[in-house]
Every structure is written in C-alpha cells, then in structure tokens.
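Here the structure comes first, spelled out in structure tokens, and everything after it is commentary.
Number of protein chains: 2
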Amino acid sequence: MFKDRFHEVVKQALEKDRWVITDDPLRFKFGNVNFQVDLGAERIVAAERAGEKIAVEIKSFLNPSAITDFYPALGQFLSYRLALSATEPERVLFGGSVRCIRNIFPIGVYPSCNKII
Amino acid sequence: MFKDRFHEVVKQALEKDRWVITDDPLRFKFGNVNFQVDLGAERIVAAERAGEKIAVEIKSFLNPSAITDFYPALGQFLSYRLALSATEPERVLFGGSVRCIRNIFPIGVYPSCNKII
C-alpha cells in the first residue's frame, strides 16, 4: 500500500540521519482523546537523537485534491502539537511527507505549522 | 440528504436572528486556491446584519468518529479565516453546526477557533 511505503521512506530517512525510532506508532492520551486509535493508516512515529526527541506525523497526500488532504493534516498537526505540549513538552512535532507540500498551500504563513521534514 | 438539512437549519437560525443571507455559497480566492470548489457539500454562507458581516462554515459532524470530522473542520476553519482576513478582513468567520461539538475536543483551548454558533 502506498501509505505504508511513504511511512517506510520517512522512517528510513530519519534513521539515515541517525535518529533512533523509539515508538511506531507513538500513542498518547490527552483529555478523553486517545491519539493514534483514530488515525488508522496515518501513523505518528517517535525518534530520539543525542537527547533530542521528536514526533513525526507522516502524511501521504495521495488525494487528487491536495487541499482535501491538507485540511485534516493541518487539523491533526495542530491537535497533536497541543496534546504533545501538555503530555510530553520536550518532544518537537514535525510533519513528514515525501511530496513537497509547501506549494499546496501557503503553509509558511501558519507560524505554528512550518516544521516539515 | 442530512448535510443539506443541517445547512438549512443553520441558515434558518441565522434568518430568525435577523441576519440576511447574502451569499450561499460564499466564493473567494486566496493565492491560487479557489475556496468553495474543493468543499463539495460543505458550504460556507455569508450574512449581514446592521453593518456586521459574517461567514459561517456549516459542518454536519456525521462521521461516527467525531475526531475524524474534527480534524478537517479545524484545518478548514483556520484556512478560511486566514484567506478571509486577507480578502475581506471585516467579515468574521464562525463555525456552524447543529451538534454540540464543544465536547468532541477541547476546542476552547484553540484561541483562534472558539467562535461556534
């Protein structure tokens, strides 16, 4: 499945960059919301390198309408960032994709959503 | 269709509250993104009352997994707000639903997304 291939490509890129994958998927709870359960095929990965901790939300952006994929990705990214900041504030959240999504939407104007691998 | 019924209910609620529906749907362009075209059945409505201008993004939240509906709704809301602030800054964006979505997620903690009819 394409989604899984994308997931593996992003994981391999992280490992090449000397990140150690610690959780695949990363599960965490915030309030009454159990993150990851609702994700289905879209998984979040955790990695560590020299004391740094990151979480990577991997998105495939396979929908013919890029904006249709962008809306839930933005909503998820901000929700995860909020939940992680409360549960594990030292872990920085990144969005990971093998497609260049900077051109889909002026994502740079979202100051809170400009971390893209 | 349920989605259309929800749309009508929100519109009637606005009209009862003396808002005049001016655009159904409201179409606007920001950068190279043509808003409304990608929306499909989810429509955005514009209304005016005594010089006040609003836009209402109507969401049905019909998915059994509320969080699955919430992510794109949040992404859309923030994207529309950004686009409207550039194209028509005097128009205030609201999210409209006939379901109480405050309990789905702690939406109140998003200071930019707390306008719900």
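Read top to bottom, the protein sequences are chains U and B.
Letter by letter, the first sequence follows residues 1 to 117 of the numbering used here.
Letter by letter, the second sequence follows residues 1001 to 1117 of the numbering used here.
Just so you know, even glycine gets a beta-carbon here, dropped at the ideal spot from N, CA and C.
A quick note: this is a predicted structure, and the numbers were derived from the prediction, not measured.
Inset, instruction - Answer yes or no: does any C-beta atom of chain B fall closer than 8 Å to that of F70 (chain U)? - result: yes
Legend entry - L1026 (chain B) classed as buried or exposed, judged by whether at least 16 other C-beta atoms fall within 10 angstroms: By the Cβ-count criterion, L1026 (chain B) is buried, with 16 or more other Cβ atoms from all chains shown falling within 10 Å of its own Cβ.
Legend entry - According to DSSP, residues forming a beta bridge with E52 (chain U): U:R49
Legend entry - Reference K53 (chain U); option with closest CA among U:A13, U:V92 and U:V9: U:V92
Inset, instruction - Run the CB neighbour count on K1069 (chain B), radius 10 Å, all protein chains shown included, and call it buried at 16 or more, exposed below. - result: Note that residue 1069 (chain B) is Asp in the sequence shown, not Lys. By the 16-neighbour rule on beta-carbons within 10 angstroms, D1069 (chain B) is buried.
Inset, instruction - Between the Cα of W19 (chain U) and those of U:F30, U:G51, U:N34 and U:F28, spot the shortest distance and give me the residue it belongs to. - result: The shortest C-alpha to C-alpha distance from W19 (chain U) to any of U:F30, U:G51, U:N34 and U:F28 is the one to U:G51.
Inset, instruction - Spatial neighbours of R1081 (chain B) within its chain, please: CB distance less than 6 Å, with the 5 preceding and 5 following residues excluded, ordered by chain position. - result: Around R1081 (chain B): L1093.
Legend entry - Cβ-based contacts, 8 Å cut-off: residues of the segment 63 to 88 of chain U near chain B: The residues in question are S65, I67, T68, F70, Y71, P72, A73, L74, G75, Q76, L78, S79 and L82.
Legend entry - C-beta neighbour in chain U for V1033 (chain B), strict 8 Å: yes
Inset, instruction - Tell me, to the nearest whole angstrom, how far the beta carbon of E1048 (chain B) is from that of T1022 (chain B); I am working on the premise that it is less than 8 Å. - result: 5 Å
Inset, instruction - Run the CB neighbour count on P64 (chain U), radius 10 Å, all protein chains shown included, and call it buried at 16 or more, exposed below. - result: exposed
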